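**Student:**
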Amino acid sequence: MPAKYHIHTEPAPPRVRPVGKLGIVDWREDCSSCHNCVKRDCVYGFYRDEADTLRDETGYLDYIYQCKGCLNCVQDCTKGILTRVVNPEYQRLGDAHYTPDIILSTWFQAESGRIPVSGAGYGGPFSGAGFDGMWTDMSEIVRPTRDGIHGREYISTSVDVGRKLAHLRFHDGELGVLPPPLIQSPLPVMFEAIPRHWQRGKVVTSICRAAAEIGLFSIVRSQDVPVELSVEQENIIPWLETAGAANNGALSAAMVMVGDGENVMAVQAALKDENADRIVGIRVPAGPEVKDRVLELTRQDAEVIHLVFGRNGRELGAARPRHMRQVLREVHTALVEDGTRDLVTLSASGGIALAEHMAKAVVCGADLVAIDVPLVLALECRLCGECQRDGVCPIALEDIEPRYATRRVINLLGAWHQQLVELLGAMGIREVRRLRGETGRCMFFEDLERETFGRLFGKRKEPDRAACAFATKP
Amino acid sequence: MSSSPSTISRTDPQSAEDFVSRPDYAEVSREVRPAPPRYRNEIGKYGIHRSSACIACGRCAEACPCGVHTRPDGYRLMVRPFDYRCIGPACAETDGYCVDACPQGALSLSENPAFKTIGDCRWTADLLVATWQMAETGRPPRPHLESEIGNSGGGFDRLRIRYPSSPPADLRREDISTELLLNRRNDARPKIKIDVPWYGGGMSFGSTSTNVLLGRARTAKAWNTLTCTGEGGYLDRLIPYKDHVITQVATGLFGVREETIQRAPVVEFKYAQGAKPGLGGHLLGDKNTPPVAAMREAVVGTSLFSPFPFHSIYSVEDHKKHLDWIEHVSPRALLSAKVSTPVDVDMVAVGSYYAGAHIVHLDGSYGGTGAAPNIAKKNIAMPIEYAIHRVHQFLVDEGIRDEITVIASGGLRTPADMAKAIALGADGVVVGTGELVAVGCIRCGNCESGRGCARGITTTDPELMQRTTIEWATQRLVNLYNAWRVMLVEILYRLGLDSVAALRGRTDLLEHLDYENNVEPNNA
């Protein structure tokens with residue numbers, strides 16, 4: 018049995034006061050000083066800590082920021098003067114795509130390296146747009162492997178990146194073709210180039226180091242590669258923004274990326290001439306015509322095609338942009354029908370916010386994904402946007418200590434790895450390579466609705482989502 | 073804990089033998105009695121504030137029909153308002169509006185800010201508070217609370233029951249049957265009937281407080297229905313209720329012994345569960361206290377795994393051997409297969425039938441009470457709303473529908489949900505979260521952290537467990553069951569049906585708000 022891929026995590030508590038969801042507020046004037054709330058009711062001890070900090074104001078007020086919301090103090094207060102509120106700062110976090118819940122969940126994973134767990138069933142909307150309209154399959158009796166307690170201990174999450182051969186050729190009993198170079202990523206995820214406004218202090222260095230420590234690859238614009246990085250260079254995928262940039266320095270990168278363009282195959286050929294063992298990835302903006310472009314590039318010997326979606330995971334430049342889910346399925350199916358799907362590696366970036374998005378993008382046909390915003394969220398970013406306005410970063414990202422930042426990113430990926438294994442284990446699939454395009458192990462909202470309710474109730478009306486406040490989740 | 077005999081009341085049974093020899097202790101009445109909240113400040117939708125202008129004249133208490141204002145005999149001042157009972161601004165249309173009745177203008181009505189922070193899309197604040205009120209009063213909640221649907225934007229929340237304009241004149245509510253037959257096979261096993269079309273889902277000793285487990289078992293006995301051990305073993309204290317307790321055989325086989333199998337009217341094989349379909353169970357070390365460890369024959373403080381899946385089962389044939397094994401151990405038990413809802417859930421159900429199961433229990437992906445990875449709760453397996461009709465129709469097409477009982481669970485919250493599930497094709501349902509809400513769960517989701525549930529429901533911490541008592545939990549659940557039954561009978565009455573069984577598969581009595589509903593019904 019080969020060694021297990023394991024991401025070592027260790028706690029990395031927040032540097033700055035985290036924003037909690039719930040808080041307790043009170044009206045002190047009617048307090049009977051019974052101290053029930055402090056002494057008896059808070060089983061988590063938060064309220065007691067708050068009472069201490071009133072005299073000695075250090076640290077942050079846990080009862081506002083870390084309240085677990087059990088309501089014991091509110092409901093047992095002798096005078097009924099406590100109530101619970103949703104923290105307005107929490108409600109202002111993030112945006113429609115990176116919701117406050119996603120941000121808090123990412124912080125938790127970056128801090129602990131653990132899978133978010135809770136009881137009492139699922140409380141979210143029935144379904145939603147994009148990846149929220151997909152459910153993954155499970156099996157009652159099939160385990161991925163017979164090893165270990167749950168049979169998922171040896172699930173492989175590793176993928177190959179590069180061009181593959183359609184078939185082998187032999188000549189006089191010897192292999193007659195040279196297999197193209199391949200790199201292996203132990204998780205179906207790369208780190209996407211971080212937008213410039215987040216490239217502060219040691220952020221890029223830390224993210225690259227995190228990738229290197231756990232064997233992943235990080236895409237960095239060639240001129241943004243930090244000077245202090247040398248050992249880790251093998252895990253950096255330089256993104257050469259101009260063809261001439263290929264010669265800038267002695268990058269020993271196993272793979273480079275170039276933007277799509279009319280003569281991109283010539284650029285690829287030039288790069289291969291320079292070093293035949295180097296893989297070239299082509300970044301293609303995922304617009305409405307992307308399917309044809311991918312087919313064309315694949316026929317022209319492209320090795321890796323990296324589809325770049327919008328920040329919310331939707332098509333670029335379309336009047337009604339489709340979600341990555343539809344586009345990836347279309348592209349994947351077209352390649353399968355063309356007989357060329359196995360030749361090329363397809364990756365996708367934009368809007369991948371949760372571990373489940375990584376798995377679902379693979380189900381829809383990507384070999385792997387690339388993430389950017391979750392990496393910065395792991396470093397406690399609140400997406401306040403101050404940095405884009407040249408304002409002061411409320412978490413002082415520029416001062417982040419590299420070792421700590423690396424740890425947070427590794428923790429996040431450790432939790433994502435575990436979650437991917439959970440999904441694969443439930444499906445009874447023992448390697449993520451087999452999940453690619455495996456839509457049979459997935460259920461789509463539209464299909465289930467049509468097959469179940471469509472038969473009973475006729476045609477589905479145009480969605481009237483505004484009627485349901487909760488269902489407007491993007 | 074002191075072991076001195078003097079600390080133990082002689083009237084309280086202690087050992088298993090005591091329980092068996094004291095059948096009177098296990099007698100539970102179905103009678104509805106008030107079971108007030110165990111917290112001083114129960115959460116309601118509205119708040120009533122009484123200012124210092126109050127002169128304690130008592131007019132508010134005279135006016136309010138809901139019991140918000142009280143002044144016990146012999147007291148000069150009013151008790152702080154029980155504002156969780158308040159029905160809100162709609163009261164202004166009635167004669168009982170305290171704000172208008174107060175001669176001093178000392179009362180004011182507002183929304184309760186805490187109310188807005190509880191609940192979620194599936195269990196809205198209204199549903200939580202409505203369930204608490206049912207558990208307190210045993211009656212359907214007042215109309216100021218939405219007590220039929222949640223706000224998830226799909227499934228049950230978008231399905232509606234189509235009522236005829238008027239029910240048949242000769243139908244009487246008291247003649248409506250809510251019985252559920254569990255054994256539809258032509259075999260020698262008992263034709264068990266339960267009085268209501270629902271029973272309690274599995275919650276294990278170790279995950280849930282003993283007081284709550286016993287409350288559930290006592291309620292099952294009172295209402296002639298069932299509850300389930302979960303997989304944490306069979307508590308001796310459940311023996312007096314053995315005719316109403318399902319023994320669960322799950323992958324960890326904790327507490328599965330010959331006697332626990334022979335005791336049970338129904339033995340449930342848990343292949344998978346909706347909360348974490350396809351994943352194993354994991355009792356964290358903190359919850360593995362000495363009594364839990366003794367029950368599970370394990371070492372105190374270690375984490376206990378229930379692997380996934382059964383390591384001896386790889387096919388329907390293996391599944392049949394599994395059922396045969398129990399069949400031979402117990403000549404009277406009915407066999408139930410609890411499965412989750414994969415793509416091929418219909419095939420799974422048929423496989424269970426051919427393996428010999430009397431009951432196939434479909435556990436949909438959005439339910440569950442136990443702690444599970446969030447990614448599993450949200451993403452793995454299909455919601456129960458889809459699975460029920462697929463399975464029902466497939467069994468009909470196979471010609472075996474009337475030989476197996478289909479039970480649905482996983483996110484059913486209200487009698488309206490039950491009616492919709494049955495109309496989609498289930499025979500009955502299993503409830504879990506609803507029961508926990510009745511004993512005070514607010515769905516904060518922190519069931520597993522630290523010492524367990526802060527509200528003393530899903531915990532084995534001796535101190536936290538004291539937050540509930542067996543008697544209180546029993547009465548809350550007895551009341552809830554009564555209210556549910558009243559509401560279910562009302563639905564059947566309005567539909568003009570004389571039994572729950574007559575509702576099964578009647579999709580013509582449903583409509584979906586997101587569809588044009590123009591398909592000609594063929595199963596009326």
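Protein chains in written order, with our numbering: chain A, 18 to 491; chain V, 73 to 596. Even for Gly, the Cβ is constructed at its ideal location relative to N, Cα and C. As the structure is a prediction and not an experimental result, all values here were calculated from the model.
Is the CB-CB distance between Arg557 of chain V and Asp499 of chain V below 8 angstroms?
**Tutor:** no
**Student:** Does any residue of chain V have a CB that is nearer than 8 angstroms to the CB of Gln92 of chain A?
**Tutor:** yes
**Student:** Below 8 angstroms between beta carbons is the criterion; list the residues of the region 431-450 of chain A that meet it against any residue of chain V, in chain order.
**Tutor:** Gln436, Glu439, Leu440, Gly442, Ala443, Met444, Gly445
**Student:** Taking only beta-carbon atoms, is Lys449 of chain V less than 8 angstroms away from chain A?
**Tutor:** At a cut-off of 8 angstroms, the C-beta of Lys449 of chain V has a neighbouring C-beta in chain A.
**Student:** Taking Asp358 of chain V as the query, report the chain A residues whose CB atoms sit under 8 angstroms from its CB, ordered along the chain.
**Tutor:** Within chain A, no residue comes near Asp358 of chain V; the closest Cβ sits about 13 angstroms away, beyond 8 angstroms.
**Student:** Helix, strand or coil for Thr79 of chain V? Go by DSSP, reduced to three states.
**Tutor:** For Thr79 of chain V, the predicted model reports a pLDDT of 41, less than 50, meaning its position is unreliable; a value from the coordinates is still stated below. The three-state reading of DSSP puts Thr79 of chain V in helix, counting H, G and I together.
**Student:** Among A:Gly111, A:Gln108, A:Ile120, A:Gln92, which one has its Cα closest to the Cα of Asn184 of chain V?
**Tutor:** For the residues A:Gly111, A:Gln108, A:Ile120, A:Gln92, the minimum Cα distance to Asn184 of chain V belongs to A:Gln92.
**Student:** Taking the alpha-carbon positions, what's the Glu583 of chain V to Glu479 of chain A distance?
**Tutor:** 16 angstroms
**Student:** Secondary structure at Asp277 of chain A, three-state DSSP: helix, strand or coil?
**Tutor:** coil
**Student:** Under 8 angstroms between C-beta atoms, does Ser9 of chain A make it to chain V?
**Tutor:** The question about residue 9 of chain A has no answer here: the residues shown for chain A are numbered 18 through 491.
**Student:** Tell me the rounded alpha-carbon separation between Gln405 of chain A and His214 of chain A.
**Tutor:** 6 angstroms
**Student:** Give me, in chain order, the residues of the same chain whose beta-carbon lies closer than 7 angstroms to that of Phe187 of chain A; leave out the 5 immediate sequence neighbours on both sides.
**Tutor:** The beta carbon of Phe187 of chain A sits closer than 7 angstroms to the beta carbons of Gly193 from its chain, once the five residues preceding and following it are set aside; these are given in chain order.
**Student:** Kindly indicate if chain A contains any beta-carbon less than 8 angstroms away from that of Leu567 of chain V.
**Tutor:** no
**Student:** Any beta carbon from chain A within less than 8 angstroms of Pro185 of chain V's own beta carbon?
**Tutor:** yes
**Student:** Where does Glu74 of chain A fall in DSSP's three states?
**Tutor:** Low confidence applies here, because Glu74 of chain A scores a pLDDT of 45, under 50, leaving its location unreliable and the question unanswered by this model.
**Student:** Of the residues A:Asp318, A:Val301, A:Asn292, A:Ala303, which one's Cα is nearest the Cα of Met282 of chain A?
**Tutor:** A:Asp318
**Student:** Name the residue from V:Pro312, V:Ala491, V:Leu552 whose alpha carbon lies nearest to the alpha carbon of Ala99 of chain V.
**Tutor:** The amino acid at residue 99 of chain V is misidentified as Ala; the sequence shows Glu. The shortest C-alpha separation from Glu99 of chain V is found at V:Pro312.
**Student:** Pick from V:Thr203, V:Leu231, V:Gly227, V:Thr209: whose alpha carbon is nearest that of Glu612 of chain V?
**Tutor:** Residue 612 of chain V is absent from the structure shown; chain V starts at 73 and stops at 596.
**Student:** Output the distance between the C-alpha atoms of Val134 of chain A and Glu448 of chain A, rounded to the nearest integer angstrom.
**Tutor:** Spanning the two alpha carbons is a distance of roughly 24 angstroms.
**Student:** Tell me which residues of the region 366-396 of chain A have at least one Cβ-Cβ distance to chain V shorter than 7 angstroms, keeping chain order.
**Tutor:** Ala372, Glu373
**Student:** Quick check on Phe487 of chain A: does DSSP put it in helix, strand or coil?
**Tutor:** Note that Phe487 of chain A has pLDDT 39, beneath the 50 cutoff, so the model's placement of it is unreliable and the number below is only indicative. The answer is helix: DSSP assigns Phe487 of chain A an H, G or I state.
**Student:** If Met206 of chain V sits next to Leu552 of chain V, beta carbons under 8 angstroms apart, how far is it from one beta carbon to the other, in whole angstroms?
**Tutor:** Right, their Cβ atoms sit about 5 angstroms apart.
**Student:** I need the straight-line Cα distance from Ala128 of chain V to Ser49 of chain A, nearest angstrom please.
**Tutor:** 21 angstroms
**Student:** To the nearest whole angstrom, what separates the beta carbons of Ala133 of chain V and Arg122 of chain V, a pair I think is in contact under 8 angstroms?
**Tutor:** About 11 angstroms; that fails the 8 angstroms criterion.
**Student:** His52 of chain A versus chain V: which residues are under 7 angstroms apart at the beta carbon?
**Tutor:** The premise fails here: His52 of chain A is roughly 15 angstroms from chain V at the closest Cβ pair, so nothing lies under 7 angstroms.
**Student:** Along chain V, in chain order, which residues have C-beta atoms closer than 9 angstroms to that of Cys87 of chain A?
**Tutor:** What Cys87 of chain A touches in chain V: Ile514, Cys516, Asn518, Cys525, Ala526, Arg527.
**Student:** Determine the closest residue to Pro419 of chain A out of A:Asp359, A:Val284, A:Val221, A:Arg300, with distance taken between C-alpha atoms.
**Tutor:** Here the closest residue by C-alpha is A:Val221.
**Student:** Measure from the alpha carbon of Phe125 of chain A to the alpha carbon of each residue in A:Asp464, A:Arg425, A:Leu465, A:Leu440, then state which is nearest.
**Tutor:** A:Arg425
**Student:** If you measure from the beta carbon of Phe208 of chain A to each beta carbon in chain V, is any gap under 8 angstroms?
**Tutor:** no
**Student:** Sorted by chain position, which residues of the same chain lie with C-beta nearer than 6 angstroms to Ser249 of chain V's C-beta, five sequence neighbours on each side aside?
**Tutor:** Ser571
**Student:** Can you check whether the C-beta of His167 of chain A is within less than 8 angstroms of a C-beta belonging to chain V?
**Tutor:** yes
**Student:** Specify the secondary structure class of Ala267 of chain A as computed by DSSP and reduced to three states.
**Tutor:** Caution is warranted here: a pLDDT of 47 is assigned to Ala267 of chain A, below 50, making its placement in the model unreliable, and the coordinate value is therefore given only provisionally. In the structure shown, Ala267 of chain A sits in coil (DSSP, three-state: anything other than H, G, I, E or B).
**Student:** Cβ of Gly482 of chain V within 8 angstroms of Cβ of Gly512 of chain V?
**Tutor:** no
**Student:** Count the other C-beta atoms from every protein chain shown that fall within 10 angstroms of the C-beta of Ser180 of chain V, then say buried if there are 16 or more, exposed otherwise.
**Tutor:** Exposed is the call here.
**Student:** Just to confirm my understanding: we take Ala427 of chain A, look at its own chain, exclude 5 residues before and 5 after, and list those with CB closer than 8 angstroms. What are they?
**Tutor:** In the sequence as displayed, the identity of residue 427 of chain A is Ile instead of Ala. Hits under 8 angstroms: Ile24, His25, Thr26, Gly130, Ala227, Glu230, Ile231.
**Student:** Spatial neighbours of Asn252 of chain A within its chain, please: C-beta separation below 6 angstroms, excluding the five flanking residues on both sides.
**Tutor:** Same-chain partners within the cutoff: Ala228, Ala229, Phe234.
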